[in-house]
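Sequential numbering of the sequence shown, starting at 49, is according to the working numbering.
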Amino acid sequence: MNHLFTPYKIKGLELKNRVVMPPMCQYAVRNNDGIVNDWHYNHYLSRAIGGAGLIIIEMTDIEPDGRITDFDLGLWSDEQIAPLKRIVDAVHQYGAKIGIQIAHAGRKAEHAETPVAPSAIPFDETETYKTPRALTTDEIKQLVEKYRLAAERAIKAGVDTIEIHGAHGYLIHQFQSAYTNKRTDEYGKDLPLFGQQVIRAVKSVMPEDMPLFMRVSAREYVDGGYGLEESIAFSKVYKEAGVDLFHISSGGEGPILAHGRPGTHVAYQVPMAREIRNALNVPVIAVGRLDDPALANAVIGNEEADLVAVGRGMLRNPYWTLEAAKKLGKEIEFPGVYGMGFGLK
């Protein structure tokens, strides 16, 4: 039976365990240039030393106005490649693999002068979110090309995998949801079309043995939003377009009221990951309040997911994976003399 410390392979990507550090925005860029700095270097390297099998770098945007804030990472310029490669190379030294999530915030771009979206619908009525401008059909096709170029830069930086962000109310999510996409052109008549085109564009520059991940929201916590039936349907389109593994989250659209607020119990998204895994016969990452090692281990052992992402647990403790191995009684190789801290000679 597989467990949290069973190695995992998908295409040419070989992981030493099933523990994933998911993308978590650091809002740490200080020069408005989207370039990683020492904060990012130390942040990701410490989790590699801490034993994670796969690290996915935070949401990294394909153009300046695609960022949530001006403090986010970007991959719209060749100047951003070398600093990113420094992190990739350092992480590899400690036996971890590393990917990057590429994205566009769409109507949730807080610092863009005028955000863009499928339709001119603001995220909410607060001062944080402006009313976006609806993209033209030609502009959408230009954005597809920008995703391709960002993926090309990520590959030059040496990443082991790429994750396309299609969740949490950002641009691809906005296109695939009837709640936010009111267009009458081809991108309104076929809601997954934009995501499908992005996948194919990214896939076109990836090495044959590199797997493509995609993060999706399995359901929306808002009246008029989609549910699991719809997300299985558009994920099937995405799988056929070239996605090799899905990272299953939820939410991101509309005001979240108390009765529909997600995350009120541990493992609340695991059933959705299991349903998509079984419906599409595709590997998945489960995420969402899986910080307890025994629980994370059970998700793998019960074949509900293939990999487990631990977010807040790793923000609290860079060495979460080492702690999990100790608690679960699994033999692993500890870095340096760190094993002494876990009672090893």
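Every residue, glycine too, gets a C-beta built ideally from N, C-alpha and C.
Which residue marks the beginning of the beta strand (DSSP E) containing F261, and which one marks its end? To locate residue 261, count along the sequence shown from 1; it is residue 213. Taken as a continuous stretch (DSSP letters only), the beta strand (DSSP E) holding F261 covers L260 to S265.
Can you name the residues that DSSP bridges to Q149? Walking along the sequence shown from the start, residue 149 turns up at place 101. Paired residue(s): E211.
Does DSSP put A160 in a helix, a strand or coil? On the sequence shown, residue 160 is found 112 positions in, with the first residue counted as 1. The answer is coil: DSSP assigns A160 none of H, G, I, E or B.
Please classify R66 as buried or exposed, where buried requires at least 16 other C-beta atoms within 10 Å of its C-beta. Counting from 1 along the sequence shown, the entry for residue 66 is found at position 18. With 16 or more other Cβ atoms within 10 Å, it is buried.
Exposed or buried, which one is E211 when buried takes at least 16 other CB atoms within 10 Å? For the purposes of this step, residue 211 is identified with residue 163 of the sequence shown, where counting begins at 1. Buried, by the Cβ-count rule.
In the structure shown, what three-state DSSP assignment does L52 receive? What you label residue 52 is simply residue 4 of the sequence shown in a count that begins at 1. Three-state DSSP puts L52 in coil, outside helix and strand.
Count the CB pairs spanning the segment 364-383 and the segment 318-337 that are closer than 8 Å, and state whether there are at least three. no
Rounded C-beta distance between Y92 and I129? I'm assuming under 8 Å. In the sequence shown, the residue the question calls residue 92 occupies position 44. In the sequence shown, the residue the question calls residue 129 occupies position 81. Y92 to I129, Cβ: 16 Å. No contact.
Burial state of N345 (16 or more Cβ within 10 Å): The residue labelled residue 345 in the question sits at position 297 within the sequence shown. Counting Cβ neighbours within 10 Å, N345 comes out buried, since at least 16 surround it.
Does DSSP put M254 in a helix, in a strand, or in coil? For the purposes of this step, residue 254 is identified with residue 206 of the sequence shown, where counting begins at 1. Correct three-state label for M254: coil.
Quick one: what's got a C-beta closer than 7 Å to M49's C-beta in the same chain, skipping five residues either side? Taking the first residue of the sequence shown as position 1, residue 49 is located at position 1. Here the set comprises G349.
Between the Cα of A199 and those of G389, L123, M69 and A165, spot the shortest distance and give me the residue it belongs to. The residue you call residue 199 lines up with position 151 of the sequence shown. The residue with the shortest Cα to Cα distance from A199 is L123.
In its own chain, which residues sit with a C-beta less than 8 Å from the C-beta of A306, not counting the 5 before and 5 after it? As a first step, residue 306 is located in the sequence shown; it is residue number 258 there, counting from the start. Residue confidence is low: A306 scores 43 on pLDDT, short of 50, so the model does not pin down where it sits. Its coordinate-derived value is still stated next. The answer is none, since no qualifying residue turns up.
8 Å contact criterion, which R337 and S297 should meet: CB distance rounded: Walking along the sequence shown from the start, residue 337 turns up at place 289. Walking along the sequence shown from the start, residue 297 turns up at place 249. About 12 Å separates the two Cβ atoms, so there is no contact after all.
Residue burial classification, R78 (beta-carbon count within 10 angstroms, cutoff 16): Taking the sequence shown and counting its residues from 1, one reaches residue 78 at position 30. Result: exposed.
With a CB to CB cut of under 6 Å and the five nearest residues on each side skipped, what residues in its chain are close to I304? Along the sequence shown, one-based indexing puts residue 304 at 256. Unreliable positioning characterises I304 in this predicted model, as indicated by a pLDDT of 48, which lies under 50. The coordinate reading is nonetheless provided below. Around I304: Y269.
Roughly how many whole angstroms lie between the Cα atoms of A342 and E158? Mapped onto the sequence shown, residue 342 falls at position 294. Mapped onto the sequence shown, residue 158 falls at position 110. Distance between the alpha carbons of A342 and E158: 38 Å.
How many angstroms separate the CA atom of T179 from the CA atom of E193? On the sequence shown, residue 179 is found 131 positions in, with the first residue counted as 1. On the sequence shown, residue 193 is found 145 positions in, with the first residue counted as 1. Rounded to whole angstroms, T179 to E193 spans 25 Å at the Cα level.
Rounded to a whole number of angstroms, what is the C-alpha to C-alpha distance between K284 and G389? On the sequence shown, position 236 is the one that residue 284 refers to. On the sequence shown, position 341 is the one that residue 389 refers to. Between K284 and G389, the C-alpha separation is close to 46 Å.
Over what stretch of residues does the alpha helix (DSSP H) that includes I188 continue unbroken? Walking along the sequence shown from the start, residue 188 turns up at place 140. Note, I188: alpha helix (DSSP H), T185 to K204.
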